[in-house]
Amino acid sequence: MKETKKILPLVKTVCVAVLIAVAVLALGLAACSPDEPTHKHSLVAVERKDATCTQKGNEAYWKCEECGKLFSDKAGKTEIDAIPEILSLGHHTEWTAVDNQTHIKKCVRCDYTEGVAEPHNFEGGECADCGAKKVVKPYTLSEDGSTLTFGSYPQSQVEDTALQSMLNAEIQNKTPTADEFNGWTDYEYLDNKIAKSYMWYIDVEYQDALYRGVYLSQYRPYSSTTNCSPSNTYQLNNGYETGTVYWFEYEPITWRILTQQDGKVFLMADLILDSQNFYINAYERTGESTIYANNYKESDIRFWLNHNFYDTAFDELCKEYVVVTEVDNSVETTPREDTTYICENTIDNVFLLSYADVNNEDYNKGDLALLSTAYADCQGVWLNFYDCGKWWLRSPAADGSLPASYSACMVNAMGADSVEAVTSTAVGVVPALWLTL
Ligand SMILES: [Zn+2]
Ligand SMILES: [Zn+2]
Ligand SMILES: [Zn+2]
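Using numbering that gives the first Met the number 0, you'd call the opening residue of the sequence shown number 0 and step up by one each time.
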């Protein structure tokens with residue numbers, strides 16, 4: 000017991016001595032530090048900056064505003080001796096599509112390109128390098144660049160009797176009557192201004208080709224104001240009779256390139272494709288303002304072109320390439336000197352050429368005496384001895400052409416300017432349009 004009591008004061012003494020020694024040592028060390036004992040770092044954060052292809056970046060760090068020292072942490076515990084840089088990445092190029100035809104080596108991160116654009120490396124429907132899908136343009140330019148094919152329309156007649164039989168079998172040899180169409184579609188052609196069921200068509204796909212059957216139970220009059228009768232038609236003259244199914248093959252439409260502008264081409268059909276009246280009758284419509292029978296904006300043929308023709312000739316892809324056009328119907332496009340019969344401009348996909356168009360010396364029109372398709376012949380187009388037809392223009396007839404109020408301009412079978420009463424169903428249709436290349 001006594002010994003224990005003796006040891007305790009000794010332990011106390013040793014502890015105090017150690018504490019003093021530690022304190023002295025600490026003070027001594029502080030006094031030896033190169034830092035000003037009073038400096039407290041004033042740290043400012045420098046944000047992380049990503050490197051780019053060509054410029055280096057940096058990690059986040061902190062810098063003392065006063066002493067300039069750098070630290071990798073906010074608390075200023077880990078000092079670093081230089082800005083923590085991130086090296087520039089360098090470009091990483093891959094084949095990238097420029098347009099439907101070409102690709103170029105382009106950096107995936109920036110706009111840098113290497114070398115020049117080259118044609119796609121198509122294998123099947125895709126570019127093996129950039130993956131671009133092969134875009135099939137819906138038109139084909141001729142070798143000399145003067146025409147192109149675009150869209151399709153029933154044109155040549157099927158003469159092969161075996162094929163005729165196959166097509167007739169496809170429709171189970173059924174023909175339409177006024178009471179029972181049997182799957183056929185009524186043209187709703189006129190019999191003295193009244194639409195009647197006497198001529199029909201039916202479209203049949205057979206072995207990857209499309210055909211149109213046409214059948215008539217009465218003859219289509221050459222004027223919308225005339226009765227159906229074998230003596231009032233050109234269908235018989237052209238070799239088409241009632242009670243027979245005629246088959247026509249949908250074929251690519253050939254267009255003449257009249258002119259080219261800003262990646263677009265102005266086209267007119269190379270053949271007379273159909274036969275339609277300009278308007279149903281010769282009388283003007285009276286209302287707030289008089290609409291004359293030769294008013295293109297309010298005409299039947301304008302509607303027919305933008306509905307019947309447009310939907311028959313062009314699939315969805317083709318339609319994407321047809322330019323919606325403001326059609327100039329001003330007096331300058333007509334042979335007239337006054338504005339009596341002109342109409343407002345129209346916004347159309349397909350239209351008729353104007354008088355000014357066919358007289359424009361800058362257009363590559365070629366011979367304007369046009370041949371017709373067999374399909375147009377079957378519709379009852381009038382043909383001359385050389386099988387050329389006449390075809391509508393959209394312009395009202397010139398002053399002095401009698402009677403101007405119900406006559407529209409046309410090109411006659413000799414290829415010359417002429418006029419015709421709007422009610423004629425025997426004048427051919429030569430559609431025109433602007434196409435995006
Ligand atoms: Zn500092
Ligand atoms: Zn780059
Ligand atoms: Zn490519």
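For glycine and all other residues, C-beta sits at the position ideal for the given N, C-alpha and C.
All values reported here derive from a predicted model rather than from experimental measurement.
- For residue 267, the enclosing beta strand (DSSP E) has its first and last residue at 263 to 268.
- Ranked by Cα distance from residue 42, the first of 72, 48, 56 and 58 is 72.
- In this structure, the C-beta of residue 65 approaches ligand 1 to less than 7 Å from one of its heavy atoms.
- Collapsing the DSSP output to three states places residue 287 in coil.
- Apart from the 5 residues on each side of it in sequence, residue 325 sits with its Cβ closer than 6 Å to the Cβ of 344 and 346 in its chain, given in chain order.
- When 255, 232, 240 and 165 are compared, the shortest CA-CA separation from residue 141 is found for 255.
- For the alpha helix (DSSP H) assignment, the uninterrupted runs of no fewer than 4 residues enclosed by the segment 322 to 408 are, from N- to C-terminal side, 354 to 357 and 373 to 378.
- Those residues that have a beta carbon less than 5 Å away from any non-hydrogen atom of ligand 2 are, in order along the chain, 52, 90, 106, 108, 109 and 111.
- With respect to the 8 Å criterion, residue 389 and residue 411 are classified as neighbours on the basis of their beta carbons.
- When DSSP states are grouped into helix, strand and coil, residue 57 belongs to the strand group.
- Contact check between the segment 220 to 235 and the segment 369 to 379: three or more CB pairs, one atom from each, fall below 8 Å, which counts as touching.
- Secondary structure of residue 210 (DSSP, three-state): strand.
- Beta-bridge partners assigned by DSSP to residue 118: 101.
- The alpha-carbon separation between residue 424 and residue 188 amounts to approximately 10 Å.
- When rounded, the separation of the alpha-carbon atoms in residue 198 and residue 132 is 44 Å.
- Around the beta carbon of residue 356, a 10 Å sphere encloses 16 or more other beta carbons of the protein chains shown; the residue is thus reported as buried.
- Straight through space, the alpha carbons of residue 274 and residue 211 are spaced by roughly 16 Å.
- The residue among 113, 224 and 175 with its C-alpha nearest the C-alpha of residue 216 is 175.
- Every residue with a CB closer than 5 Å to a heavy atom of ligand 3 is listed here in chain order: 102, 119, 126, 128, 129 and 131.
- Looking at the DSSP output, residue 108 bridges to nothing.
- Non-local beta-carbon contacts of residue 229 in its own chain, meaning distances under 7 Å to residues more than five positions away in sequence, involve 218 and 235 in chain order.
- The beta carbon of residue 46 sits closer than 7 Å to those of 59, all from its chain and outside the five residues before and after it, given in chain order.
- Relative to ligand 1, residue 68 has its C-beta within less than 7 Å of a heavy atom.
- Shown here for residue 196: same chain residues with a beta carbon closer than 6 Å to its own, the five before and five after excluded, namely 177 and 185 in chain order.
- Nearest to residue 242 by C-alpha distance, out of 163, 322, 213 and 342, is 213.
- For residue 200, the enclosing beta strand (DSSP E) begins and ends at 198 to 205.
- With a threshold of 16 other beta carbon atoms within 10 Å, residue 419 meets it and is buried.
- Residue 208 has its alpha-carbon roughly 12 Å from the corresponding atom of residue 157.
- If you draw a straight line from the Cα of residue 290 to the Cα of residue 282, it comes to about 9 Å.
- In this structure, 380 is the residue among 61, 393 and 380 with its C-alpha nearest to the C-alpha of residue 222.
- Around the beta-carbon of residue 402, fewer than 16 other beta-carbon atoms lie within 10 Å, marking it exposed.
- DSSP places residue 152 inside the beta strand (DSSP E), whose first and last residues are 146 to 156.
- Across the structure, residue 129 and residue 139 are spaced so that their CA atoms are roughly 25 Å apart.
- Each of 292, 310 and 393 was checked against the Cα of residue 327, and the nearest Cα belongs to 393.
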